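Using the numbering used here, you'd call the opening residue of the sequence shown number 612 and step up by one each time. For reference, the structure is listed below as structure tokens.
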Amino acid sequence: MEYGRDRNLHKTVQQQIDESKINSNGKHIDLSHMGLTEVDMSMIPPTCVTLCIQCNRLTSFPTPLPPHLRLLFIEQNNITSIPEGVLPPTLEYLCAPYNEIASLPTTWPPALQSLYLAFNKLPVLPPLPTSIQNVSVMGNPLLIPQTDRDLSGQPLADYLGRLQAEQDRVEEEASRRRCEERFRLYADELLALALHPDRIDRWAQEGAFHSVFG
Numbered sequence: 612m613e614y615g616r617d618r619n620l621h622k623t624v625q626q627q628i629d630e631s632k633i634n635s636n637g638k639h640i641d642l643s644h645m646g647l648t649e650v651d652m653s654m655i656p657p658t659c660v661t662l663c664i665q666c667n668r669l670t671s672f673p674t675p676l677p678p679h680l681r682l683l684f685i686e687q688n689n690i691t692s693i694p695e696g697v698l699p700p701t702l703e704y705l706c707a708p709y710n711e712i713a714s715l716p717t718t719w720p721p722a723l724q725s726l727y728l729a730f731n732k733l734p735v736l737p738p739l740p741t742s743i744q745n746v747s748v749m750g751n752p753l754l755i756p757q758t759d760r761d762l763s764g765q766p767l768a769d770y771l772g773r774l775q776a777e778q779d780r781v782e783e784e785a786s787r788r789r790c791e792e793r794f795r796l797y798a799d800e801l802l803a804l805a806l807h808p809d810r811i812d813r814w815a816q817e818g819a820f821h822s823v824f825g
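Below you can see the structure in the form of structure tokens.
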């Protein structure tokens with residue numbers, strides 16, 4: 612299915628959907644290059660398996676998606692996140708590069724095979740399903756940049772493993788620093804208590820003991 616840049620410019624969403632019902636029984640719907648800031652997803656027939664909404668002005672992820680959707684093209688918008696639970700379990704292909712996506716769900720469709728999220732704003736990448744075969748996250752501020760050879764197969768698996776290990780290491784280090792900071796805070800408060808025992812009654816009244824030692 613080809614998605615032409617110009618053919619949608621002077622059509623409404625309803626016209627495109629009506630055409631899809633004639634041409635493909637509503638299975639393939641093209642809403643690309645229409646200047647859309649939002650999409651009324653109740654208009655999309657449940658028979659849709661391929662949905663193209665690329666090159667619009669969407670800022671939020673469209674929901675609810677058709678229950679049997681397999682391919683979603685939503686690149687070149689202004690979407691900031693993919694919320695938890697919005698992707699149908701049948702989804703196999705998600706193409707969403709060139710957005711503003713900074714957060715992803717922690718659970719993915721079990722059928723997902725290809726995930727394209729290049730040139731977004733992802734600081735971390737959550738674990739992906741074992742079904743995944745192709746992943747592109749180049750151009751994101753990840754701890755380990757992806758290279759052209761890390762897009763599929765064993766190089767991809769190796770890359771995802773290295774990235775996850777580095778993300779875990781950084782999170783553990785941040786957690787250790789938070790614990791040390793809390794310990795220093797408690798130590799300072801205990802020292803202040805030792806030097807100024809008159810504060811005991813006031814701290815007890817304010818519930819400070821619970822916040823420090825609870």
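Just so you know, even glycine gets a beta-carbon here, dropped at the ideal spot from N, CA and C. What you are looking at is a predicted structure, and each value in this text was computed from that prediction instead of being measured.
Backbone secondary structure at residue i - three-state DSSP
i	result
residue 664	coil
residue 628	helix
residue 659	coil
residue 755	coil
residue 683	strand
residue 786	helix
residue 640	strand
residue 653	helix
residue 697	coil
residue 781	helix
residue 634	helix
residue 734	coil
residue 796	helix
Residue burial classification, residue i (beta-carbon count within 10 angstroms, cutoff 16)
i	result
residue 686	buried
residue 761	buried
residue 629	exposed
residue 781	exposed
residue 631	buried
residue 677	buried
residue 757	buried
For residue i, the first and last residue of its enclosing beta strand (DSSP E)
i	result
residue 746	745 to 747
Bridge partner(s) assigned by DSSP for residue i
i	result
residue 770	Looking at the DSSP assignment, residue 770 forms no beta bridge with any residue, so it has no partner.
residue 763	745
residue 726	705, 746
residue 714	692
Residue i beta carbon near the ligand ZN (any heavy atom closer than 7 Å)
i	result
residue 795	Ligands displayed in this structure: none; no statement on the ligand ZN is therefore possible.
Sufficient close CB pairs (3 or more, under 8 Å) joining the segment 785 to 792 to the segment 762 to 774: no
Inter-stretch contact at 8 Å, needing at least 3 Cβ pairs: the segment 655 to 674 / the segment 623 to 642: yes
Inter-stretch contact at 8 Å, needing at least 3 Cβ pairs: the segment 688 to 696 / the segment 666 to 678: yes
Segment contact flag, the segment 703 to 711 with the segment 723 to 731, C-beta cutoff 8 Å, min 3 pairs: yes
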